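Single-structure report; data block below.
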Amino acid sequence: MSLLASSATEHRGITMTLFGLFVLATLAITVWAGRQTKDAADFYAGGRGFTGFQNGLAISGDYMSAASFLGIAGAIALSGYDGFLYSIGFLVAWLVALLLIAEPLRNSGRFTMADVLAFRMRQRPVRTAAGVSTIVVSIFYLLAQMVGAGTLVALLLGVNGDAAKRWTIVAVGALMVVYVVIGGMKGTTWVQIVKAVLLIAGTALMTVLVLAKYHFNPSELLGAAASASGKGAAFLEPGLKYGASDTSKLDFISLGIALVLGTAGLPHILVRFYTVPTAKAARKSVLWAIGIIGVFYLMTLALGFGAAALVGPKAIKAANASGNTAAPQLAEVLGGGSGTTGGAILLAVISAVAFATILAVVAGLTLASSASFAHDLYANVIRRGKATEKQEVLSAKWAAVAIGAVAIVLSLFAGKLNTAALVALAFAVAASANLPTLLYSLFWKRFTTSGAVSSVYAGLISSVVLVVFSPVVSGAKTSLFPDIDFHWFPLENPGLVSIPIGFLAGWIATLLSKDRPDPAKYAELEVRALTGLGAH
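The sequence shown runs 0 to 535 under numbering that gives the first Met the number 0.
Shown next, in the form of structure tokens:
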């Protein structure tokens, strides 16, 4: 058993109390919100009653996931400069969302991404494709959060076996279903707001403590990190992870493209734009989110390099090969070290915040995918628009249970993968399947139903197939199945290939299609997207 695990076991009471307090507080918020949820607009969009600042906090809460807090800190601690590329990609991605997607989406849709895509297309094929894509992207993202939860709680309870991780994943899955079924969007949004405040406060505290160790001199911190890494100056330069070969350089480009383009296609981020009353509030919420997330990602530098300097790569890898425990390990050292009360308290606080992060994000993801199933697949495809609001909301709740169950089962097999890498895969799928179709629908007059369906399915299938046959699944020590090798695609992230396929398929299918889009419908969509006239 590691020192960290034994320390966590000695002070298990503190940890469990903090976890319990957070879960009780969020459940209370959820029950309160559930009592105020009267109709579909409340369940899917929180009654559109949130301000730009509140929604900005909630968006940043959705975005600053376990991958951001645990995965990126670990990636920087183990890979130095190259690990920080995740932070840069995640942050720059917001500019794409702000400039191209936020306002037109808020003006054009009601509850889901498919509302925009189906506005001037044939409803059933487009909603089916969008619904399937939303659910697949959400499950990829859910995997990352659940893996983080399993690693974190097993570490805190001092249990090395897989059984503890499995029960943790099951418990997180059950809690997220409860949040969605009872609280809907209103409850989920308030949980996100509370979690965002806690995460920023916890990260800021650790950043100050790390910098204080090095007299608030970043150069001294970087020097100590480089020295402790065993890599010397190379730790602070590009190429440690992504410069060893031509394949790794291509992987870096693929990762960057996926991160930058993926945000604007993430379902749980897109539905956030519907929770505000106006397009102006949607813009304002993205600006707030950029500010909050920007500050957070700057602080991940201190966490990552601080973990490298104070904990050391060997100790980090001993606790978790992918580095997912670097931030909690750093918290323990900053609090006084293994066996000290201060170390145990700070470890418990930071881990409780990380656990809060996971719970909030999985609730948002589950809500986005269950809403898409109910609103797009059930109400508009299966029932052909004849379902009542009550039936639609009930089907969303049952969908949340089913999606939660699928995510739990898949997560039990993905425990060895780095959470940041898993999220990057979700970004690649979102950028390949959702973004091309959204951009074409909003900005290309000639775009047809055939183009929309082809774009979604081509991007979705190509990205998932390339992931299945990549080193992420087999053929490497860190693979899902390390003992077998059936990979033929050399890159860990499929974005470089699958994103162009998504764009190309939509373009070719539109040119070859015999469909003739209605110019009046496009004109109406354009006016609505630009002005908000007729927006719900």
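Even glycine gets a Cβ: it sits at the ideal position worked out from N, Cα and C. If you're wondering where the values come from, they're calculated on a predicted model, not measured in any experiment.
Residue burial annotation: Asp41 is buried, with at least 16 other C-beta atoms found within 10 angstroms of its C-beta.
The stretch 93–155 is shown to contain whole alpha helix (DSSP H) runs of 4 or more residues at 101–107, 112–116 and 122–155, in chain order. With a contact defined as Cβ atoms closer than 8 Å, Thr436 and Met175 miss out at about 27 Å. In terms of Cβ geometry, Ala57 and Lys185 do not form a close pair [threshold 8 Å]. In this structure, Phe52 sits near Trp287, with a CB-CB distance shorter than 8 Å. Counting along the chain, the unbroken alpha helix (DSSP H) around Arg282 starts and ends at Ala278 to Leu309. At the C-beta level, Ala370 and Thr111 come within 8 Å of one another. Taken in chain order, no unbroken stretch of beta strand (DSSP E) lies wholly in the stretch 498–524 with a span of 3 residues or more. Comparing alpha carbon positions, the residue from Ser461, Asp375 and Ala76 closest to Ala225 is Ala76. The distance from the Cβ of Leu346 to that of Leu302 is about 14 Å, inconsistent with a contact at the 8 Å cut-off.
By a beta-carbon distance limit of 8 Å, Ala519 does not contact Ser449. Their separation comes to about 20 Å.
Here the C-alpha atom of Ser478 lies approximately 43 Å from the C-alpha atom of Arg445.
Cβ-Cβ separation between Ala306 and Ala72: approximately 6 Å, consistent with a contact (criterion under 8 Å). DSSP places Ser473 within a strand segment (E or B) once states are collapsed to three. Close CB contacts of Ala362 within its chain, under the 7 Å cut and outside five residues either way in sequence, are with Met175, Tyr178, Val179, Thr187 and Val190 (chain order). Sequence-distant Cβ neighbours of Asn379 in its own chain, meaning closer than 6 Å and more than five residues away, are Gln122 and Arg126. Cβ-Cβ distances below 6 Å link His374 to Phe110 and Thr111 in the same chain, with the five nearest sequence neighbours on each side left out; the list follows chain order.
Annotation: Lys385 to Ile168 spans about 37 Å, alpha carbon to alpha carbon.
With respect to the 8 Å criterion, Glu388 and Tyr377 are not classified as neighbours on the basis of their beta carbons.
Runs of the alpha helix (DSSP H) lying entirely within the stretch 379–426, each at least 4 residues long, are 388–410 in chain order.
Inter-residue distance for Gly182 and Ser368 is about 15 Å (C-alpha atoms, whole angstroms). Counting the other Cβ atoms within 10 Å of the Cβ of His267 gives 16 or more, which makes it buried.
Ranking Ser394, Ser86, Ala128 and Ser350 by CA distance to the CA of Met15 puts Ser350 first. Boundaries of the alpha helix (DSSP H) around Pro312: Pro312 to Ala318.
In its chain, beyond the 5 residues on either side, Ser449 have a beta carbon closer than 8 Å to the beta carbon of Leu511. If you draw a straight line from the Cα of Ile28 to the Cα of Val193, it is about 10 Å long. Residue Val95 holds the alpha-carbon nearest to the alpha-carbon of Val285 among Asp517, Val95 and Ala223. Distance from the CA atom of Ala423 to the CA atom of Asn492, rounded to whole angstroms, is 7 Å.
Rounded to the nearest angstrom, the gap between the Cα atoms of Thr36 and Arg47 is 12 Å.
For Phe42, the secondary structure class from DSSP, reduced to helix, strand or coil, is helix. The C-beta separation of Leu333 from Met205 comes to about 6 Å, placing the pair in contact by the 8 Å criterion.
Non-local beta-carbon contacts of Ser497 in its own chain, meaning distances under 7 Å to residues more than five positions away in sequence, involve Ala427, Ser431, Gly458, Ser461, Ser462 and Leu465 in chain order. Taking C-alpha positions only, Gly201 is separated from Phe485 by approximately 42 Å. In this structure Arg119 is not in contact with Ala278, their Cβ atoms being roughly 19 Å apart against a cut-off of 8 Å. The C-beta distance from Ala113 to Ala129 rounds to 4 Å, short enough to meet the 8 Å contact threshold. The beta carbon of Glu525 is closer than 6 Å to none in its chain, skipping five residues each way along the sequence.
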